[in-house]
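What follows is one structure encoded as structure tokens, with my remarks underneath.
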Amino acid sequence: MERRHALALLAAGWAGAAAANASTPPTAAAPPDRILLWIDLDLPALASLPAQQATERAALRARILAQQDAVMARLRELGATEEARLQQVRNALAVRLPGAALPAARSIPGVRRVSPVRHLRREPPSSRN
1 MERRHALALL AAGWAGAAAA NASTPPTAAA PPDRILLWID LDLPALASLP
51 AQQATERAAL RARILAQQDA VMARLRELGA TEEARLQQVR NALAVRLPGA
101 ALPAARSIPG VRRVSPVRHL RREPPSSRN
């Protein structure tokens with residue numbers, strides 16, 4: 001269930017294929033004042049380095065994970081719950097955050113952008129007989 005939820009968030013927020021890891025179980029129902037957000041961080045995503053640069057990618061991954069841990073700790077202090085983490089094509093966290101904490105979230109060191117998760121619905125193709 002966690003993986004499916006993380007993949008749904010990924011599809012809604014990013015039009016490419018990427019790896020998503022949900023480290024916290026998704027919340028069943030968020031209070032109405034909580035907003036589902038993407039928190040984009042300032043370190044580059046893993047895809048910014050070629051796959052052949054394994055050593056550099058491993059070092060970048062460690063830096064990304066440390067940054068995500070630090071930012072998530074600050075977001076939890078603001079009342080956020082974690083929904084997903086992305087590292088491959090986007091260095092981002094998906095969180096549910098009280099609306100009143102939005103300005104404080106934007107001021108956390110390492111946060112590049114805060115934007116709402118958009119749920120896109122694609123209509124199935126019509127079948128013609």
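Per our numbering, numbering of the sequence shown is gapless, rising by one per residue and ending at 129. Built from N, CA and C at the ideal position, the CB exists for glycine as well. Predicted model only: the values in this text are computed from it and were never measured.
- [ ] Tell me whether the beta-carbon of R85 lies closer than 9 Å to the beta-carbon of D40.
- [x] no
TODO: Reducing DSSP to helix, strand and coil, say where R145 ends up.
DONE: The requested residue 145 does not occur in the structure, where the chain is confined to residues 1 to 129.
Open item on the list: Excluding the 5 residues flanking R121 on each side, which residues of the same chain have their C-beta closer than 7 Å to its C-beta?
Closed with: none
Task: Own chain partners of G99 with C-beta closer than 6 Å, once the 5 adjacent residues on each side are dropped - done: Cβ within range, chain order: D33, I35.
Task: Best match in A73, P109, H119 for proximity to L97 [C-alpha to C-alpha] - done: A73
- [ ] On the DSSP bridge assignment, give the partners of L81 in chain order.
- [x] Looking at the sequence provided, one finds Thr at residue 81 rather than Leu. Paired residue(s): R96.
TODO: May I have the straight-line CA-CA distance separating L10 from S127, to the nearest angstrom?
DONE: In this prediction, L10 has a pLDDT of 44, which is less than 50 and means its spatial position is unreliable; what the coordinates show is noted afterwards. So the two alpha carbons sit approximately 28 Å from each other.
Open item on the list: Tell me the rounded alpha-carbon separation between L136 and E82.
Closed with: Here the chain has residues from 1 to 129 only, and residue 136 is not among them.
- [ ] Report all residues from its chain with a CB closer than 6 Å to the CB of D42; omit the five preceding and five following residues, and keep chain order.
- [x] G110, R112.
Task: Member of L78, V89, D69 whose CA lies at the smallest distance from the CA of A104 - done: Distance check between A104 and each of L78, V89, D69 places L78 closest, using alpha-carbon atoms only.
Task: Element boundaries [beta strand (DSSP E), containing R113] - done: 111–116
- [ ] Verify whether the separation of the beta carbon atoms of L46 and R57 is less than 9 Å.
- [x] yes
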